[in-house]
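Below: the structure, in structure tokens.
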Amino acid sequence: MIIAIDGPAASGKGTLGKRLAHHYGYRHLDTGVIYRAVAYALMQSGHDLRDEEAAVAAALELDPEKFGNPALKTQKAGEGASIVSAIPRVREALVNFQRQFAADPPGAVLDGRDIGTVICPHADVKIFVVADPKVRARRRTMEAKARGEDADEAAVLADIIQRDERDKNRPIAPLKPAADAYLLDNSQLDIEGGVRAAIDIIEAVRAGRSRG
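Going by our numbering, the first residue of the sequence shown is number 24, and it counts up by one from there.
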């Protein structure tokens, strides 16, 4: 089974994906980390984030063993990821990596921005997670402070709004729910509530298919 979870920045899709993978015993891929890793590699090598050739080279040389690097969780890496992910050739270079991950048994949970629309359009379950931008900014600020980073909530909100616009309006794989995706608004839900809501969606889909 393939579970696709999409949504904007700081919507809670990464935490949700991780919890669902644990619940079902599936592997989990936070595809945002892939783009953060590309951006981080460019920053470390001194390349401009919009340098297409350097970005494609970094995408083709990714080392999954480094996806746990704490530096990939920073706001700077996230901002960089939004820039490099808008480069069509970078997205193309990473499509096969993601599809191969999804295809391996027994199942996988992938979260990102174009999983249900581009990477895994035939996913068994598609969930599109949304939350009010102010709620997302508050959560992201708290996460940053928990890591010991300075974070200004107003600045984080401005960045989130800017990233939303960039992600929705990019020419390749814009952020939008798949036609058959289930909408999950977690603005008023805590982590446990969001997980329960997602499991309810997945189980309803599985029950419907077993009856069919």
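Where is the CB? At the ideal position from N, CA and C, for every residue including glycine.
Original post:
Which two residues bound the contiguous alpha helix (DSSP H) that contains residue 208?
Top reply: As a working mapping, residue 208 is identified with position 185 in the sequence shown. Residue 208 -> not in any alpha helix (DSSP H); beta strand (DSSP E) instead, spanning 205 to 208.
Subject >> CB-CB length for residue 148 against residue 224, believed under 8 Å >> reply: Within the sequence shown, residue 148 is the residue found at index 125, counting from 1. Within the sequence shown, residue 224 is the residue found at index 201, counting from 1. Yes, residue 148 and residue 224 are in contact; Cβ-Cβ is about 7 Å, under 8 Å.
**OP:** Taking only the alpha-carbon atoms, compute the straight-line gap between residue 173 and residue 230 and give it to the nearest angstrom.
**Re:** The count along the sequence shown starts at 1 and reaches residue 173 at position 150. The count along the sequence shown starts at 1 and reaches residue 230 at position 207. Here the C-alpha atom of residue 173 lies approximately 46 Å from the C-alpha atom of residue 230.
Subject >> Same chain, Cβ closer than 8 Å to residue 79, neighbours up to 5 away in sequence not counted >> reply: Here residue 79 refers to the residue found at position 56 when the sequence shown is read from its first residue. Hits under 8 Å: 110, 112, 113 and 116.
Original post:
For residue 135, which residues does DSSP report across the bridge?
Top reply: Sequence index remark: in the sequence shown, residue 135 carries index 112 (1-based). Answer is 29.
Original post:
If we count the other Cβ atoms within 10 Å of its Cβ and call it buried at 16 or more, is residue 35 buried or exposed?
Top reply: The residue given as residue 35 occupies position 12 in the sequence shown. With 16 or more Cβ atoms within 10 Å of its Cβ, residue 35 is classed as buried.
**OP:** Name the two residues that bound the continuous beta strand (DSSP E) containing residue 145.
**Re:** As a first step, residue 145 is located in the sequence shown; it is residue number 122 there, counting from the start. Where residue 145 is concerned, there is no enclosing beta strand (DSSP E), given that its DSSP letter is neither H nor E.
**OP:** Starting from the Cα of residue 121, find the closest Cα among 210, 51, 209 and 107 and give me that residue.
**Re:** The sequence position of residue 121 within the sequence shown is 98, counting from 1. The option with the nearest alpha carbon to residue 121 is 51.
Subject >> Where residue 193 falls: helix, strand or coil (DSSP) >> reply: By 1-based counting over the sequence shown, the position of residue 193 is 170. If DSSP states are grouped into helix, strand and coil, residue 193 belongs with coil.
Subject >> the region 147 to 163 touching the region 66 to 76, judged by at least three CB pairs closer than 8 Å >> reply: no
**OP:** May I ask which residues mark the beginning and end of the alpha helix (DSSP H) holding residue 73?
**Re:** One-based indexing of the sequence shown puts residue 73 at position 50. Where residue 73 is concerned, there is no enclosing alpha helix (DSSP H), given that its DSSP letter is neither H nor E.
Original post:
Out of curiosity, what's the CA-to-CA distance linking residue 142 and residue 134?
Top reply: For the purposes of this step, residue 142 is taken as residue 119 along the sequence shown, with counting starting at 1. For the purposes of this step, residue 134 is taken as residue 111 along the sequence shown, with counting starting at 1. Rounded to the nearest angstrom, the two C-alpha atoms are 10 Å apart.
Original post:
Per DSSP, residue 52 forms a beta bridge with which residues?
Top reply: What you label residue 52 is simply residue 29 of the sequence shown in a count that begins at 1. Paired residues: 133.
Original post:
Which whole-angstrom value describes the C-beta separation of residue 183 and residue 160, a residue pair presumed to lie in contact below a C-beta threshold of 8 Å?
Top reply: Working through the sequence shown from its first residue, we reach residue 183 at position 160. Working through the sequence shown from its first residue, we reach residue 160 at position 137. The Cβ separation is near 5 Å, so the contact holds.
Original post:
Any idea what DSSP makes of residue 90, helix, strand or coil?
Top reply: For this step, residue 90 is matched to residue 67 along the sequence shown. Reduced to three states, the DSSP call for residue 90 is coil.
Original post:
Considering only residues of the same chain and omitting the five flanking positions on each side of residue 24, which have a CB-CB separation below 6 Å?
Top reply: As a working mapping, residue 24 is identified with position 1 in the sequence shown. Answer for residue 24: 130 and 147, listed in chain order.
Original post:
Where residue 156 and residue 37 are concerned, what is the direct C-alpha to C-alpha distance, given to the nearest angstrom?
Top reply: What you label residue 156 is simply residue 133 of the sequence shown in a count that begins at 1. What you label residue 37 is simply residue 14 of the sequence shown in a count that begins at 1. Distance between the alpha carbons of residue 156 and residue 37: 16 Å.
Subject >> Limits of the unbroken alpha helix (DSSP H) element including residue 99 >> reply: Within the sequence shown, the letter at position 76 stands for residue 99. Its alpha helix (DSSP H) spans residues 98 to 107.
Original post:
Among 58, 191 and 26, which one has its Cα closest to the Cα of residue 83?
Top reply: Within the sequence shown, numbered from 1, the residue matching residue 83 stands at position 60. Of the candidates 58, 191 and 26, the one whose C-alpha sits nearest the C-alpha of residue 83 is 58.
Original post:
Should residue 214 be labelled buried (16 or more other beta-carbon atoms within 10 Å of its own) or exposed?
Top reply: Your numbering for residue 214 matches position 191 in the sequence shown. Within 10 angstroms of the beta-carbon of residue 214 lie fewer than 16 other beta-carbons, which makes it exposed.
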